[in-house]
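Presented below is the structure to which this report refers.
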Amino acid sequence: MAHCRDLKMGSVMRTTQRSESENSFFKKFEHKWGTLVEFWMRFESAMDQQRHTHKKLDNESRHTSPKTISQLPIEIHGAKVYTHAVFDEFQEEVKYSMTTCSVRGFSFVNDVEVTTVYDALKDKKFDVQYNSGTEEAKCTCRLFERKAILCRHIIWIFSGKGLNTIPQVYVARRWTKDALGVEFFDLNEEPTEIGDGVDEKYIEMSNLWSEFHRIFGILKGREKGDVEKLSALIRDFREKLAPSTEVATSKHQELELILGCTTSEDISILPPKQAKNKGSGKRMVSSKTKAIKINKKPKRMCKNCRQFAHHDKRNCPYSFVPNPSPSGELSGDRDLEEEESH
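Numbering (the working numbering), first residue to last: 45 to 386.
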């Protein structure tokens, strides 16, 4: 940077900065083992995230005001023109201009005021050249040449001269809230340069599109009634623009216009009947249902245990009793019958 001190590098991104920024950004979304399709999908995701972040920050800068630390008019003006991120850096310079700067010398060189400003924080002296006719200043710290933001030494001089606003020559458009006002986009969202045979009507439509975005950003913090009012105004205006002979088309008709064919009235191909392919359709019967069904059946005499029950000789629970009688009777029952006969 030493050999570029005489060049204005403010708001200019160098090749190395651009390369490092791209590598840091896309490293979050891709890796060396990914396929081309994966890279393209991740690239689209990265662009969508960048657009979302940009719109969010742009909306915050346009519709919110940062807090000021002083009543200096130059700081209030900076809060109006700069974005929040740039204003934070500018506000830091304003703070140090009030607390660390003091005058150590004053002289004239070719009708230009040269003020020696001592910076207590850096423990250095800086010469600030100020032209009262053009309200231009130049400091030996060269912060404005490097970052396009006024340094604390020039801010201290401007405040002492009673300037209420930042001179336009020191307001880099890239750091302002209206940085995108000079560009407009075509239907494919490609930026187009003004003055290359572009129709004025097209420029007005682009400005109107930008104004719509600003209005939508304002409505995010408003009540539902304001949104309904805007919706009613848009509907009324659309009805005025639409011709009276226009016939509303359905979605089905729009698809026919796109495909270039109409739907046939005679439909011979119908969807097949729904088939039952999940078994016989029987459900699993619970144990309770089985027990109720068994209890409803009439009881019958079991020839093995000689009891009225819901079983027979083949599935009798007493069939395991040892030494059954040859006739199928239990030995205990036979003895009992013999005693009763005697």
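For glycine and all other residues, C-beta sits at the position ideal for the given N, C-alpha and C.
Rounded to whole angstroms, the separation of the alpha carbons of residue 200 and residue 250 is 40 Å. Bridge pairing for residue 171: 160 [DSSP].
Under a 10 Å Cβ-count criterion, residue 119 is classified as buried, with 16 or more other Cβ atoms of the shown protein chains found around its own Cβ. Proximity to residue 107 across 123, 162 and 195 peaks at 123, based on C-alpha coordinates. Distance between residue 259 and residue 110, taken at the CA atoms: about 20 Å. For residue 343, same chain residues with a beta-carbon under 8 Å away, outside a window of 5 residues either side, are 352, 353 and 354 in chain order. Annotation: residue 152 to residue 183 spans about 15 Å, alpha carbon to alpha carbon. In this structure, residue 181 lies near residue 198, with their beta-carbon atoms less than 8 Å apart. If you look at residue 206, you'll find it isn't in any alpha helix (DSSP H); DSSP assigns it neither H nor E. Nearest in C-alpha terms to residue 134, of all of 215, 154, 363 and 278, is 215. Rounded to whole angstroms, the separation of the alpha carbons of residue 117 and residue 101 is 25 Å. Look at residue 181 here: in three-state DSSP terms it is strand. Judged by pairs of C-beta atoms under 8 Å, the stretch 78 to 87 does not touch the stretch 161 to 174, as fewer than three such pairs exist.
For the pair residue 313 and residue 307, the Cα-to-Cα distance works out to about 13 Å.
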